[in-house]
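>
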Amino acid sequence: TWNMGSFAKEQIAKIRERVGDKKVLCGVSGGVDSSVVATLLAEAIGDKLVSVFVDNGLLRANEREQVEAMFKSRNVPLITVDASEKFLSRLAGVSDPEKKRKIIGETFIEVFDEEAKKHNGIQFLAQGTLYTDVIESVSVKGPSKTIKSHHNVGGLPDWMSFELIEPLREIFKDEVRILGAELGLPKDMLSRHPFPGPGLAIRIMGEVTKEDLVLLRAADVIMLEELRATGYYEKTWQAFTVLLNVKSVGVMGDNRTYDNTICVRIVDATDGMTATFAHIPHTILENISRRIINEVSGINRVVYDISSKPPATIEWE
Ligand code: XMP
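When the letters of the sequence shown are read in order and numbered with the UniProt record's numbering, they come out as residues 195 to 511.
1) Is it right to say residue 246 is buried, meaning 16 or more other beta carbons lie within 10 angstroms of its own, or is it exposed?
2) Please report the Cβ distance between residue 284 and residue 238, rounded to the nearest whole angstrom; I am assuming they are in contact, meaning their Cβ atoms lie under 8 Å.
3) Does ligand 1 have a heavy atom nearer than 7 Å to the CB of residue 342?
4) Can you tell me which of the three DSSP states residue 221 falls into?
5) Name the DSSP bridge partner or partners of residue 401?
6) What separation, rounded to the nearest whole angstrom, lies between the Cα atoms of residue 198 and residue 261?
7) Keeping to the same chain, check which residues put their C-beta closer than 7 Å to that of residue 437; ignore five residues upstream and five downstream.
8) When the distance is taken between beta carbons, is residue 414 closer than 8 Å to residue 459?
9) Check each candidate in 230, 316, 471, 215 and name the one with the smallest Cα separation from residue 385.
10) Among the residues of its own chain, which have a CB less than 7 Å from the CB of residue 357, if the five just before and after it don't count?
11) Just verifying my parser: in three-state terms, what is the DSSP assignment at residue 209?
12) Among 430, 219, 511, which residue has its Cα nearest to the Cα of residue 312?
13) Alpha carbon to alpha carbon, what distance is there between residue 470 and residue 505?
14) I need the boundaries of the beta strand (DSSP E) containing residue 488, first residue and last residue.
15) Can we count residue 441 as close to ligand 1, meaning its CB is less than 7 Å from some heavy atom?
16) Going by the CB atoms, is the gap between residue 236 and residue 213 shorter than 8 Å?
17) Could you check what DSSP says for residue 417 in three-state terms: helix, strand or coil?
18) What did DSSP end up calling residue 408 once you bin it into helix, strand or coil?
19) Under a three-way DSSP split, which group does residue 324 fall into?
20) Assuming residue 277 is part of the alpha helix (DSSP H), what are its boundary residues?
21) Which of the three DSSP states, helix, strand or coil, is assigned to residue 498?
22) Kindly indicate which residue of 207, 314, 253 has the alpha-carbon position closest to the one of residue 216.
23) May I ask you to report which of helix, strand or coil DSSP gives residue 246?
24) Could you tell me the boundaries of the beta strand (DSSP E) in which residue 450 lies?
25) Mind the definition here: the segment 358-365 touches the segment 324-332 only if three or more C-beta pairs lie below 8 Å; say whether that holds.
26) Answer yes or no: do residue 251 and residue 278 have a C-beta to C-beta separation smaller than 8 Å?
27) Looking only at its own chain, which residues have a Cβ that is under 6 Å from the Cβ of residue 376, when we skip the five neighbours before and after it?
28) What residue range does the alpha helix (DSSP H) around residue 264 cover?
29) If you count every other CB in all the chains shown that lies within 10 Å of the CB of residue 494, and 16 or more means buried, which is it?
30) Tell me, please, which residues DSSP counts as bridged to residue 226.
31) With H, G and I counted as helix, E and B as strand and the rest as coil, what does DSSP make of residue 437?
32) Going along the chain, which residues of its own chain have a beta-carbon closer than 6 Å to the beta-carbon of residue 258, five neighbours each way excluded?
33) With a threshold of 7 Å, establish whether the CB of residue 326 neighbours any heavy atom of ligand 1.
Laid out in structure tokens, this is it:
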């Protein structure tokens, strides 16, 4: 197997030589791949790295703070652009899943480009492309149907013509985690589940509102706490909650309620192309359900998604 220590050293030397005194732009999502790329670049070129994290208002509770703290502790430069209002105002009134994705993708490019233009001397763009992405983008070419338009696959438009730096192009996800550990990234960062670019927008069915984001974040935190406490976070590929656009009747004390439904989605997978719903012990599901209903006002019902992919997809939109 590959020795990630020497792989890191080689990549750092290569990047240093290629970049010279130019600057490198790097988009950071908070996920494993882009964090490893940014850390590697910071080691190689220090403050010639311009890494940009866009807060689109669709992040999970405390996510922005966690990413900022992690980068700060590693001395990796990071610029956070708070564009939440821009994203949320453009999403107002939009309920079609593909329209939502398109708006988020376009707004991201716009915000990212605006930030890039503020810096002189940028010649390179660093991306966390993995070997699996390389293979997939080859096999995806041709007349295929779009199931969902993933906005971060396919890269940026031509007019952002930078030379690409893709240090993870030859390695797999598990190797990225080893590389990250080699670079000193914390374990809880390296074991993070994948999180989609469009964020919580595709986990709120229909129109995205600030109120719904508050509900969903609260439910999500509880579900994650219960999974972490029982060791199931590490054992599963992805775990999240979805706010359904469905109200149902319930009873709280002596009163009738008519409130929202949260769906818990936890899946096992090795690459996300296929997935099965995770066979989580019922006692854990019971705790998740009870806590969400008791602690999040506005939710009176929790359901568990028992569909696998295919034919269902992992995300609901
Ligand atoms: P689906 O829902 O298509 O998801 O079964 C497969 C995997 O991809 C993630 N996903 C995305 N990731 N941008 C991303 O970066 C996107 O637009 C996007 N849509 C889905 C999903 O979370 C799962 O891991």
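We put the beta carbon where it would ideally sit given N, CA and C, even for glycine.
Being a predicted model, the structure only gives us computed values, none of them experimental.
In brief:
1) buried
2) Not a contact, Cβ separation roughly 36 Å.
3) yes
4) strand
5) Bridge partners of residue 401: none, in fact.
6) 24 Å
7) 397, 398, 399, 406, 409, 410, 454, 456
8) no
9) 230
10) 317, 318
11) helix
12) 219
13) 10 Å
14) Looking at the DSSP string, residue 488 is not in any beta strand (DSSP E); the run it does join, the alpha helix (DSSP H), is 476-489.
15) no
16) no
17) helix
18) helix
19) coil
20) It is not in any alpha helix (DSSP H) - residue 277 carries neither H nor E in the DSSP assignment.
21) strand
22) 314
23) strand
24) 449-462
25) yes
26) yes
27) 198, 199, 202
28) 257-267
29) buried
30) DSSP lists no partner for residue 226.
31) strand
32) 249
33) no
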